[in-house]
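Asker:
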Amino acid sequence: MKRFYRSIALLVALVFIGVTAGCTISENKKAGSGITPTPSPVATTTPVEVKPTATPIPVTPAPTPAPSATPKTLVKRTVPILYYHAINDEVGQGQLSELFVSPKEFEKQMAFLKQNNYDVITFDDLHNLDNVPNPVIITFDDGYEDNYLYAYPVLKKYGFKASIFLVSDFIGNSSILNKAQIKEMADLINFQGHTMTHPDLPNIKIEDAEKEISVSKKAIEEITGKPVTVFAYPTGLYNKQILDITKKHYQYAVWNGGGLYSTTDDPYIMKRVYIPRELDIKGFEKKIKGLQ
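Going by this note's numbering, the sequence shown opens with residue 23, and the numbers climb by one from there.
Quick look at the structure:
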């Protein structure tokens, strides 16, 4: 009997232990079995500092600018640059004869300029033509002695200035101006460059061309004591290399003929109005107005 009761007590104890263990396991599951779960990583963003936006300042619209005056250098003016050689009735042979304008015709032409209120200027005046309503420039090539004998007295009579382009190595030769005449004429005449020996510049070595252009300038300046700023291409020939050399030494350069010069043209290819011997005064008037 006692064994029976012991068996019963043992069975109850086992049941109690089983129930108690089950409850403990259940509680452990609810509590995560005593292990704290590691949370999944969450991507974080570095916070950006947001600065307060400044209160916008109202901008007053700028007034529409008034149209500016056209620069003087861009104002187009037409200037006839008259182009002579010799002033003489003792003419050369063949085609050269047209280079010799009669002294009588030359005086008629200068009188025409005076009577028609032309303003005879020099190259130095080209930068400012505001107060020059009717400009004209007078030029002579080569420096013939008859420029002194026949042209200079007429120019003095009318108070006209002119430019003579000298071949420096020829100065003092027969029929060419000498140093004394050049110095005497310097009151009205400005003497400019026309090379040393009058070559066709594009057809000689470039170093020789440089010498012809630069040395002649210095030689003339030594005689006159005045700056030489304008160059005339012998026979009117040039190319890019000659232009580049000329720009190094001169402010302006002229060629043979072409018509009326415009102040918006290239100052190193300035056109001139050629005046030949056979031109009468009516033809002169047409030429100077660009009509012939």
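Glycine is no exception: its CB is placed at the ideal position from the N, C-alpha and C atoms. Just so it is clear, the structure is predicted and the values come from calculations on it, not from any experiment.
(1) Tell me, which residues are paired with S284 by DSSP?
(2) Check whether the Cβ atoms of G215 and Y272 sit closer than 8 Å, and answer yes or no.
(3) Taking the runs of the alpha helix (DSSP H) that are 4 residues or longer, which of them lie wholly in the segment 172–223?
(4) Near V295, what residues of its chain come up, given a Cβ to Cβ distance below 7 Å and the 5 sequence neighbours on each side ignored?
(5) Whole-angstrom Cβ separation of V142 and K179, contact assumed at under 8 Å?
(6) What residues are listed by DSSP as bridge partners for Y255?
(7) Quick test of your reading: P221 and P256, contact by CB under 8 Å. State the CB separation rounded to the nearest angstrom.
(8) Can you look up D168 in the DSSP assignment and give me helix, strand or coil?
(9) Give the single residue among P289, V176, K98 and R299 whose Cα lies nearest to the Cα of M132.
(10) Quick check on L148: buried or exposed, where buried means 16 or more other Cβ atoms within 10 Å of its Cβ?
(11) Bridge partners of M292, per DSSP?
(12) Would you kindly report the start and end of the unbroken beta strand (DSSP E) that includes V142?
(13) Counting only the same chain and skipping the five closest in sequence on each side, list residues whose C-beta sits under 7 Å from that of I267.
(14) Go through its chain and collect everything with a Cβ distance to E129's Cβ below 7 Å, but skip five positions before and after it.
Answerer: Let me spell this out:
(1) Indexing the sequence shown from 1 puts residue 284 at position 262. In DSSP, S284 forms a bridge with T100.
(2) Within the sequence shown, the letter at position 193 stands for residue 215. Within the sequence shown, the letter at position 250 stands for residue 272. Yes, the Cβ-Cβ distance between G215 and Y272 is below 8 Å.
(3) 174–180 and 201–207
(4) Your numbering for residue 295 matches position 273 in the sequence shown. Hits under 7 Å: P102, I103, L104, Y105, G281, L282, K309 and I310.
(5) To locate residue 142, count along the sequence shown from 1; it is residue 120. To locate residue 179, count along the sequence shown from 1; it is residue 157. In fact, because the Cβ distance is near 12 Å, the residues do not count as touching under 8 Å.
(6) Position 233 of the sequence shown, counted from the first residue, corresponds to residue 255. Beta-bridge pairing links Y255 to no other residue.
(7) Position 199 of the sequence shown, counting from 1, holds the residue named residue 221. Position 234 of the sequence shown, counting from 1, holds the residue named residue 256. Confirmed, Cβ separation roughly 6 Å.
(8) Start at 1 with the first residue of the sequence shown, and residue 168 comes out as number 146. Reduced to three states, the DSSP call for D168 is helix.
(9) Stepping through the sequence shown from its first residue, residue 132 is reached at position 110. Taking only the C-alpha atoms, the option nearest M132 is V176.
(10) For the purposes of this step, residue 148 is taken as residue 126 along the sequence shown, with counting starting at 1. Classification of L148: buried, given that the 10 Å Cβ count is 16 or more.
(11) Within the sequence shown, numbered from 1, the residue matching residue 292 stands at position 270. M292 is bridged to V276.
(12) The sequence position of residue 142 within the sequence shown is 120, counting from 1. Start and end: D141 to I143.
(13) For the purposes of this step, residue 267 is taken as residue 245 along the sequence shown, with counting starting at 1. Closer than 7 Å at Cβ, skipping near neighbours: A231, E232 and I235.
(14) Locating residue 129 in the sequence shown gives position 107, where the first residue counts as 1. Here the set comprises V176.
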